[in-house]
Amino acid sequence: MTAPPTRDKSAPRTTLQRLLSRFHFGITLFAVALSGMTILLAGVTALRSYADRNIELAAQLGAYGVEPALVFNDPVAAREGIEPLTHMAGVARLRVLDDRGRPLAHWTSPVSDPTPFLTNLFFPDPASVPIRRNGSVIGTIEVWGDSSTLTDYVRLGLLAGLACLLVTALGTIALARRFEYELVKPLNEIATVAHDVRLHRRFDKRVQTLRIAELDRLGGDINTLLDELQGWQGHMEDERAMLAHRASHDPLTTMPNRAALDEQLAQRVQSAEARGTRFALLFIDADNFKAVNDNFGHAAGDAVLIALSACIKGTLRKGDFAARIGGDEFVVIIDTLDNDAAPEALTARIRDCVEDPFTLPDGTRYSASVSVGVAIYPDDGGDTTALLTAADAAMYSNKLARKLS
Amino acid sequence: MLASLLLISALSSAPQMTVQVASQSLVEGGARGIAHTANRMIGGIISYARWPDDPSPAPRTLCVIGQPKLADPIAPEMPGRGKLVVRRTAAAEVTGGGCDILFLGRMPVSDRQRLIAWVRGRPVLTLTDDDPNCLYGAMFCLAGRTGGLGFSVNLDAIGRGPLRIDPRVLKIGSDDGGRP
């Protein structure tokens, strides 16, 4: 199994919502800036041409107004002639020249130009209109514009742009919220399921149907994966249980084996020690088992063992424990001994059962017998080894006594 | 204040004397300069007048009666390509016709009154340089002013005839421009 790639915890993380919000804002900002710039440029161009026309018209109007003044060479009348132009917006300076180029009247706006740079850029030259009388030029009027209308427009445009930007920001936040609901929620659902499965081994969890097709497909794939995982998990659990059973049980008699007994006995000793209770250990050994094997064959031996184990199992009470620890040796733990007669009673019952004749595979009727040794915890031994040894010794003495008799 | 009250009363009591004293042209170069400026002014005024039979193929005729005071010798300067015929005439010959413009110089009061009366209702422009206050019925009156030369307009005289004068000239010749 390959190790998962190490995830750098210190790397800066961002949420999907923030990412989307940033994207939205970027795109909208770009669009607003682009359209704003376009409108501003188009507006400035259009306004510029309008301003040019305006100045041109002002010059024409002035030319009409100051014509008699030039004919009469009257500076006061010339001043009166250009007076209406001084009220026009966007007119910065006026000058009336006679036929010899000498100024007859001159006017400069008392309002100083807020942006001389723009004025120089957009209106570098005055609108100059020759004044004619009966076909000959009698003078010239010059009108300089200023950029006040343009700057007003640009200022207004920038303000509008700023307002648009504000609306954009708000809209982006709202959109991101909506996206969070639409996208992040189902993703979170998937993540929750995955998390639950990983942390709590809840392989029965499934992702619900999602509204977004791609995410739904992802959810479906995850569900399929979970199905497979659940299958594997069940299979593995069965396998493990089987292996565990096989490791702790004797395959012939399906009784717990020596290893299981050791474990069980250690537990019983511990719990009895902790609670101050007593329990009995029976060591059971079949008599003449070797002879059965030799005379009737191994199949007969196996049949005897199965019959013995069946008798032992049949006499067990709830909480008692029996194991086959080798060849023809069985051990029984009699739980929480309440009276000392219980082991004897159990032994007698086992003997009764065992001595009942049964048919061997070859048809012979056979009646078995067993030797039984009893050890009591804690009277005969304080630990597992001592108990087993005591029980074993008791069994041997029992076998010997029975042989002698 | 008192002067303006007097002016208002004069205007209301004698409407035929609605006289505007106004224009002031720059004069350059002494006595000859004055004559030059006067001639230019006369030419300018004539160029802004419209006769009922305009456009006329023949040039307009200026009849000079009496002795000019400012425009001497009289030779109006027409702006552009305008043309003018100048003729000296006796007061008695004017009524015979042929004059589009009368320039009234220094002359007996009776002659002047007769000519002004004759002009009434006819397409004839009248100018004078011998009536600084423009009180005797000529349509335009040239007069010397401090530092220059000016003209006044007698709106009543113009209103009585069929001639049309460019309003811009009337405005220049009028007194409403807030002049000092």
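Just so you know, the sequences run in chain order A and B. Per this note's numbering: the first sequence = residues 1 to 405. Per this note's numbering: the second sequence = residues 1001 to 1180. Built from N, CA and C at the ideal position, the CB exists for glycine as well.
DSSP, read as helix, strand or coil, puts residue 327(A) in coil. Across the stretch 1032-1046 of chain B, CB contacts with chain A closer than 9 Å involve 1037, 1040, 1041, 1043, 1044, 1045, in sequence order along the chain. Within chain A, the C-beta atoms nearer than 8 Å to that of residue 1026(B) come from 73, 74, 75, in chain order. Restricting attention to beta strand (DSSP E) runs no shorter than 3 residues, the stretch 61-132 of chain A encloses them at 91-98, 103-108, ordered along the chain. For the 8 Å CB-CB criterion, residue 1033(B) and residue 1078(B) do not form a contact. Within the stretch 1138-1158 of chain B, not one residue has a Cβ closer than 7 Å to any Cβ of chain A. Between the C-alpha atoms of residue 1119(B) and residue 143(A) there is a straight-line separation of about 44 Å.
With respect to the 8 Å criterion, residue 101(A) and residue 85(A) are not classified as neighbours on the basis of their beta carbons. Residue 367(A) sits exposed, since fewer than 16 C-beta atoms from the chains shown fall within 10 Å of its C-beta. Secondary structure within the stretch 348-396 of chain A: not one fully enclosed alpha helix (DSSP H) run of 4 or more consecutive residues is present. For residue 133(A), the chain B residues whose Cβ falls inside 8 Å of its Cβ are 1047, 1079, 1080, in order along the chain.
Any Cβ of chain A closer than 8 Å to the Cβ of residue 1166(B) would place that residue at the interface, and such an atom is present.
If you draw a straight line from the Cα of residue 121(A) to the Cα of residue 1142(B), it comes to about 48 Å. Shown here, residue 137(A) sits in a strand according to DSSP, grouped into three states. With respect to residue 97(A), residue 139(A) sits close: the two C-beta atoms are nearer than 8 Å.
Around the beta-carbon of residue 256(A), 16 or more other beta-carbon atoms lie within 10 Å, marking it buried.
Here residue 168(A) is near residue 29(A), since their CB atoms are less than 8 Å apart.
In the displayed model, residue 230(A) falls within a helix according to three-state DSSP.
Taking 3 residues as the minimum length, the beta strand (DSSP E) runs contained wholly in the stretch 229-317 of chain A are 279-286, in order along the chain.
Considering only beta carbons, no part of the stretch 1090-1104 of chain B lies closer than 8 Å to chain A. Bridge pairing for residue 1144(B): 1149(B) [DSSP]. In the DSSP secondary-structure assignment, residue 145(A) is bridged to 91(A). Following the DSSP letters along the chain, one finds residue 193(A) inside the alpha helix (DSSP H) bounded by residues 185-200. Judged by DSSP in its simplified three-state form, residue 1128(B) adopts strand. At a cut-off of 8 Å, the C-beta of residue 1085(B) has no neighbouring C-beta in chain A.
Looking at 94(A), 241(A), 71(A), the one whose alpha-carbon comes closest to that of residue 1166(B) is 71(A).
Taken through DSSP and simplified to helix, strand or coil, residue 164(A) comes out as helix.
A direct Cα-to-Cα measurement between residue 105(A) and residue 59(A) gives close to 14 Å.
DSSP places residue 1120(B) in no alpha helix (DSSP H); its state is neither H nor E.
Residue pairing by DSSP places residue 177(A) in no beta bridge whatsoever.
Taking 8 Å as the cut-off, the beta carbon of residue 1135(B) is found no closer than this to the beta carbon of residue 1103(B). Listed along the chain, the chain B residues whose CB falls inside 9 Å of the CB of residue 82(A) amount to none; the nearest CB is some 12 Å away. In the DSSP annotation of this structure, the continuous segment of the alpha helix (DSSP H) that includes residue 1155(B) starts and ends at 1155-1160. 8 Å or more divides the Cβ of residue 396(A) from the Cβ of residue 278(A). Note on geometry: alpha-carbon atoms of residue 1109(B) and residue 130(A) lie some 45 Å from one another.
Per DSSP, the unbroken alpha helix (DSSP H) holding residue 1169(B) starts and ends at 1167-1173.
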